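Let me begin by presenting the structure, written as C-alpha cells, before commenting on it.
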Amino acid sequence: MVYPTTKRNNASNSKQSSKQQDRDRGDLVISRFDSLAHKWGPENNDKEVHQISLIKDSILRLHSSILPQLRDQIRTLSEALDPEYLLKHPHSKMEFIMEVQSDLNRTLDQLVPATHIAFSKPRKLCTEQTNDYHLGECKSYRLGSAENYLSIRLQSQFMEFCRSAGTLINRLNLSTKPNDGVPHVALVKENLLQKANASSALNSIDLAIHWFIRPELDLVQTSWGPDQCGLNHELEKLLRINKPPIIFELIGYQFDSKPRHESFLKLGKSALPLLKLTKLFFNKFSVQAMNGKKLPHFTTMSSYQLFILHDLPGKIHFEVSQITEALGGAKVHGEMIYSEQLKEALQLLETYFQAGSNLINLYCVSIIPDTLSQNYYRDWLATWNTLFSIAISNLLEACRIFEAERSDAIGRR
Numbered sequence: 001m002v003y004p005t006t007k008r009n010n011a012s013n014s015k016q017s018s019k020q021q022d023r024d025r026g027d028l029v030i031s032r033f034d035s036l037a038h039k040w041g042p043e044n045n046d047k048e049v050h051q052i053s054l055i056k057d058s059i060l061r062l063h064s065s066i067l068p069q070l071r072d073q074i075r076t077l078s079e080a081l082d083p084e085y086l087l088k089h090p091h092s093k094m095e096f097i098m099e100v101q102s103d104l105n106r107t108l109d110q111l112v113p114a115t116h117i118a119f120s121k122p123r124k125l126c127t128e129q130t131n132d133y134h135l136g137e138c139k140s141y142r143l144g145s146a147e148n149y150l151s152i153r154l155q156s157q158f159m160e161f162c163r164s165a166g167t168l169i170n171r172l173n174l175s176t177k178p179n180d181g182v183p184h185v186a187l188v189k190e191n192l193l194q195k196a197n198a199s200s201a202l203n204s205i206d207l208a209i210h211w212f213i214r215p216e217l218d219l220v221q222t223s224w225g226p227d228q229c230g231l232n233h234e235l236e237k238l239l240r241i242n243k244p245p246i247i248f249e250l251i252g253y254q255f256d257s258k259p260r261h262e263s264f265l266k267l268g269k270s271a272l273p274l275l276k277l278t279k280l281f282f283n284k285f286s287v288q289a290m291n292g293k294k295l296p297h298f299t300t301m302s303s304y305q306l307f308i309l310h311d312l313p314g315k316i317h318f319e320v321s322q323i324t325e326a327l328g329g330a331k332v333h334g335e336m337i338y339s340e341q342l343k344e345a346l347q348l349l350e351t352y353f354q355a356g357s358n359l360i361n362l363y364c365v366s367i368i369p370d371t372l373s374q375n376y377y378r379d380w381l382a383t384w385n386t387l388f389s390i391a392i393s394n395l396l397e398a399c400r401i402f403e404a405e406r407s408d409a410i411g412r413r
C-alpha cells in the first residue's frame with residue numbers, strides 16, 4: 001500500500017527532477033549560443049582569392065541561400081525565446097531551440113568560408129587610379145558596402161544576439177548557473193534587448209543582400225535619399241528667408257525685421273532658381289524617375305567613379321547649406337559678411353555637378369536600351385547645364401549689386 005505522503009513525495013521529487021532536467025538543458029542551450037557566437041569570429045586567413053569565378057559563386061550562394069537561411073533561423077530563435085512560452089513549456093521549447101541551433105551551426109559552416117572568399121580581395125582606398133571597371137559585380141564599390149553590413153555589423157550583432165539570448169534564459173532560472181535574482185523589469189529589459197539585437201541583425205542581412213543583388217546604378221540612386229531630403233529642407237529655409245518683412249509691436253516698441261536694403265530681396269530671390277535646379281537634377285535621375293528603365297546589373301564605371309556619383313548629393317547638400325547660411329547672414333546683418341563663403345560654394349557646386357553630369361552622360365544614359373530615351377536624357381542634361389550656369393551667373397551678379405549698394409550706403413553716411 002502506497003501512503004498519500006509517499007505519493008506527494010514522489011510527485012515532488014518528479015517535479016524537482018523535471019526542473020533539474022530543464023535547467024541542465026538550459027545550460028546546454030546557453031553553451032551552444034556561446035559556441036555559435038564565437039564560431040563566426042574575425043578572419044585570420046589573409047589568403048587572397050584571385051579567381052573572380054569563385055568570388056561570384058560565393059556571392060551567389062550568400063544572397064540566394066545562406067543569408068536567407070540565416071535570416072529565418074535568427075527570426076525563429078527570437079520568436080522561440082519569448083519568456084512567456086519558455087516558462088510555460090520549457091522542455092519542448094528548449095528542444096526546439098536546440099534543433100534550430102543545430103541548423104544555424106550548419107549555416108555558419110557555409111557562411112564563414114563564403115564570406116572569406118567573397119571579401120578576400122583587399123579593398124584599397126578608392127582613388128582616381130582605382131581601375132576596377134572590369135570586375136563587374138565584384139567591384140570595391142559593391143563589395144565594400146556588403147562587407148560592412150555582413151562581416152562587420154552583422155557579425156557584431158549576431159554575437160550580441162547570442163549573448164542576450166543566453167542571459168535571458170539564465171534570468172528565467174532555466175539554467176543551473178547563478179543569476180542575480182533580477183526583478184521582472186530587468187527581465188523585460190533583457191527580452192527587449194534580445195529582440196532589438198535580432199532586429200538589427202535581420203536588418204543587416206537584408207542590406208547585405210540588397211548590395212549583392214541590386215543594379216549598380218540603383219545602389220547609387222537609393223543612397224541619395226537622405227541628402228535629397230536635406231536639399232528640400234534648404235529650399236524651404238531659403239523660402240523662409242525670402243518672406244516679406246514682418247513688423248510687430250511689443251510694449252509700445254516697434255521691431256522691424258525688414259532688411260536694411262531692399263536689394264536683399266533681389267539677392268534672396270535670385271538663389272531660388274539655383275536651388276530648384278539642384279533639386280530637379282536629383283529628382284530626374286532618382287530611382288523613382290528611372291524605375292521604368294531596365295538597368296543592367298553593373299556598368300563600365302570604376303569604383304572611384306561610382307563613389308563620385310554616390311557622394312554627389314552629400315557634397316551638393318553641404319554647399320547649398322553654405323549658400324543659405326550666407327544669405328541668412330546677409331538678411332540679418334544687411335551686408336554680405338559671408339561673401340567669400342557663398343562664392344566658394346557656387347564654384348564647388350559647378351565643379352561637382354560638372355563631374356556628376358559627365359559621368360551620367362557617359363555611363364548612365366548610354367546604357368538605356370531605347371535610343372529615343374537616350375537622346376531625351378542627353379538633351380535634358382544639356383538644357384539643365386545651361387540653365388544652371390545662368391542661375392549661378394545671376395546669383396553672383398545679384399551678390400555684386402547687393403555689395404555695391406551696401407558700399408554706396410556707407411559712403412553716403
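Residues in the sequence shown are numbered consecutively from 1, following full-length UniProt numbering. Positions of the beta carbon are idealized from the N, C-alpha and C atoms, including for glycine. All of these numbers come straight from a predicted model, not from anything done at the bench.
- Around the C-beta of T324, 16 or more other C-beta atoms lie within 10 Å, and the residue is accordingly described as buried.
- Short of 7 Å from the beta carbon of N197, and not among the five residues preceding or following it, lie these beta carbons of its own chain, in chain order: Q157, E160, F161, S164.
- Around the beta carbon of K19, a 10 Å sphere encloses fewer than 16 other beta carbons of the protein chains shown; the residue is thus reported as exposed.
- Taking D311 as reference, the option from P226, A330, K294 with the minimal CA-CA separation is P226.
- In this chain, the alpha helix (DSSP H) harbouring N232 covers 225 to 241.
- Put simply, the backbone Cα of D57 is about 22 Å away from that of L295.
- The shortest CA-to-CA distance from G230 to any of H317, S175, Q155 is the one to H317.
- Looking at the backbone, the Cα of S373 and that of L362 are separated by about 14 Å.
- Under the 8 Å Cβ criterion, the segment 133 to 153 counts as touching the segment 298 to 314, having at least three qualifying pairs.
- One alpha carbon belongs to L54, the other to F212, and they sit about 15 Å apart.
- If you ignore the 5 residues before and after T278, its C-beta comes within less than 7 Å of the C-beta of L231, I316, V320, all in its own chain and listed in chain order.
- Cβ neighbours of I74 within its own chain (closer than 7 Å, five residues either side excluded): F161, A198, A201, L202.
- Shown here for G314: same chain residues with a beta carbon closer than 6 Å to its own, the five before and five after excluded, namely D227 in chain order.
- With contacts defined as CB atoms closer than 8 Å, N105 and L36 qualify as a contacting pair.
- Where N283 is concerned, the enclosing alpha helix (DSSP H) starts and stops at 272 to 284.
- DSSP assignment within the segment 193 to 228 yields the following whole alpha helix (DSSP H) runs of 4 residues or more, N-terminal first: 216 to 222.
- The segment 338 to 356 makes no contact with the segment 366 to 380, as fewer than three CB pairs between them are under 8 Å.
- Closest option to S92, judged by alpha-carbon separation, among K269, V188, V29: V29.
- The continuous stretches of alpha helix (DSSP H) do not include E137, and DSSP gives it neither H nor E.
- Counting the other Cβ atoms within 10 Å of the Cβ of K139 gives 16 or more, which makes it buried.
- Per DSSP, reduced to three states, the secondary structure at H116 is helical.
- Between A208 and L275, the beta carbon gap of about 36 Å keeps them out of contact (Cβ cut-off 8 Å).
- By the Cβ rule, the segment 263 to 272 does not count as touching the segment 102 to 116, because fewer than three pairs are nearer than 8 Å.
- When the alpha-carbon of L396 is set against those of P273, I360, D218, T299, the nearest one is in P273.
- Counting every other CB atom within 10 Å of its CB across the protein chains shown gives R400 a total below 16, marking it as exposed.
- Here S65 carries a helix assignment [DSSP, helix/strand/coil].
- Taking 3 residues as the minimum length, the segment 66 to 94 contains no beta strand (DSSP E) run wholly inside it.
- Here K294 carries a coil assignment [DSSP, helix/strand/coil].
- Check the Cα spacing between N148 and each of F119, D24, E137, K88: the tightest is with F119.
- Annotation for I169: the continuous alpha helix (DSSP H) segment containing it runs 155 to 171.
- S389 is classed as exposed because its beta carbon has fewer than 16 other beta carbons within 10 Å across all chains shown.
- Closest in C-alpha terms to L235, from the list L327, E344, E79, E137, comes L327.
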